[in-house]
Ligand code: ADP
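In UniProt numbering, the protein residues as written are 1 to 304.
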């Protein structure tokens, strides 16, 4: 396998807001690579820099060997950059839109074949504004693929779809990958990443919290533990945050919650005992998957 996308120490600010602090990742030929993370993690900014749509403030990016910002013409020939924005004007018919997009490329794919393979069967004369949500996504993908891209970027494309349409879109993405296109998929859904991605980068606060296979990530998350208690005396968070495996300490009312990637009950109790603190109403629990993902990203890599 060879690297199609290589990002090293990417940094991007908007004024004083650091959107991407330090992101490094590599996407191999033929992969579906997911970028997962909560809102505001820097996912869209990262992919916009990869697409060459935004000028980065630091780091290096190579897409198929080219700098996407400095060598934009080379990139637009090889990378789809239209997928994330849905479709074109609602007034265009499906056939008109596909013919228009084909005209942008020197060597376009045959859009009739794309329409068939993507199951865009509502009829080429249908206005794109009249298509159902999942048919719109299929049109969006057909428009993206008509230029025969080597890499496609899908940014939150199933957001707003009902579960059925979402599954249909997943099937379509798998069809696209089977045709040899490398896919960078931005999502905030663990289920989507699990179904589609070979590997996932989990982003948080502009940094990479983890890169793993979805099952590896789930394994880490499944090992996530939570301890809650009411301390008998005031407690400084850093007594607990410095313990190995602890990813966060939060409070609701007086109650303290400690999250950890391993079973930290014994070290937490020892630390509390050492400071004469009794944990009243102590509870130890395993965390559900989606909550655990949030907990994993709640550990700020910049402050650990
Ligand atoms: P995500 O895609 O993970 O939700 P974004 O890359 O959209 O994250 O945003 C990362 C951070 O950058 C957020 O704090 C967001 O508010 C900020 N941000 C994104 N775009 C802009 C912009 N055009 N101008 C100013 N701040 C922005």
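Where is the CB? At the ideal position from N, CA and C, for every residue including glycine. Please read all numbers here as calculations on a predicted model, not as lab measurements.
Beta carbon of residue i nearer than 8 Å to that of residue j
| i | j | result |
| --- | --- | --- |
| residue 60 | residue 23 | no |
| residue 187 | residue 36 | yes |
| residue 172 | residue 141 | yes |
| residue 262 | residue 225 | yes |
| residue 127 | residue 93 | yes |
| residue 264 | residue 249 | no |
| residue 34 | residue 133 | no |
| residue 331 | residue 109 | This structure does not reach residue 331, given that the chain is present from 1 up to 304, and the question cannot be answered. |
| residue 185 | residue 50 | no |
| residue 12 | residue 54 | yes |
| residue 63 | residue 206 | no |
| residue 56 | residue 69 | yes |
| residue 28 | residue 7 | no |
Residue i: first and last residue of the uninterrupted beta strand (DSSP E) it sits in
| i | result |
| --- | --- |
| residue 14 | 3 to 14 |
| residue 315 | With the chain covering only 1 through 304, there is no way to say anything about residue 315. |
| residue 193 | Where residue 193 is concerned, there is no enclosing beta strand (DSSP E), although the alpha helix (DSSP H) it sits in stretches over 190 to 196. |
| residue 186 | 182 to 187 |
| residue 152 | 151 to 155 |
| residue 323 | Within the shown structure, residues of the chain are numbered from 1 to 304, placing residue 323 beyond reach of any answer. |
| residue 228 | 225 to 231 |
Proximity to residue i [Cα-Cα], best of the options
| i | options | result |
| --- | --- | --- |
| residue 255 | 246, 247 and 237 | 237 |
| residue 318 | 119, 128 and 151 | Residue 318 cannot be examined here, being either before or after the span of the chain that is shown, 1 to 304. |
| residue 65 | 26, 31 and 109 | 26 |
| residue 214 | 202, 235, 208 and 206 | 202 |
| residue 102 | 146, 191, 80 and 63 | 146 |
| residue 282 | 148, 229, 63 and 4 | 229 |
| residue 273 | 285, 284 and 231 | 231 |
| residue 180 | 79, 271 and 9 | 79 |
| residue 285 | 271, 227 and 233 | 227 |
Residue span of the alpha helix (DSSP H) that contains residue i, given as start and end
| i | result |
| --- | --- |
| residue 77 | 72 to 78 |
| residue 164 | 163 to 178 |
| residue 97 | 94 to 102 |
| residue 210 | Unbroken run through residue 210 is the beta strand (DSSP E), 207 to 212; no alpha helix (DSSP H). |
| residue 267 | 265 to 274 |
| residue 339 | This structure cannot speak to residue 339, because the chain is shown only from 1 to 304. |
Any C-beta of chain B under 8 Å from that of residue i
| i | result |
| --- | --- |
| residue 147 | The structure shown contains no chain B; it is built from a single protein chain. |
Subject >> Shell residues, 5 Å Cβ cut-off relative to heavy atoms of the ligand ADP >> reply: 14, 17, 19, 39, 40, 41, 42, 43, 44 and 45
Subject >> Whole runs of the alpha helix (DSSP H) within the segment 36 to 67, excluding any shorter than 4 residues >> reply: 43 to 50
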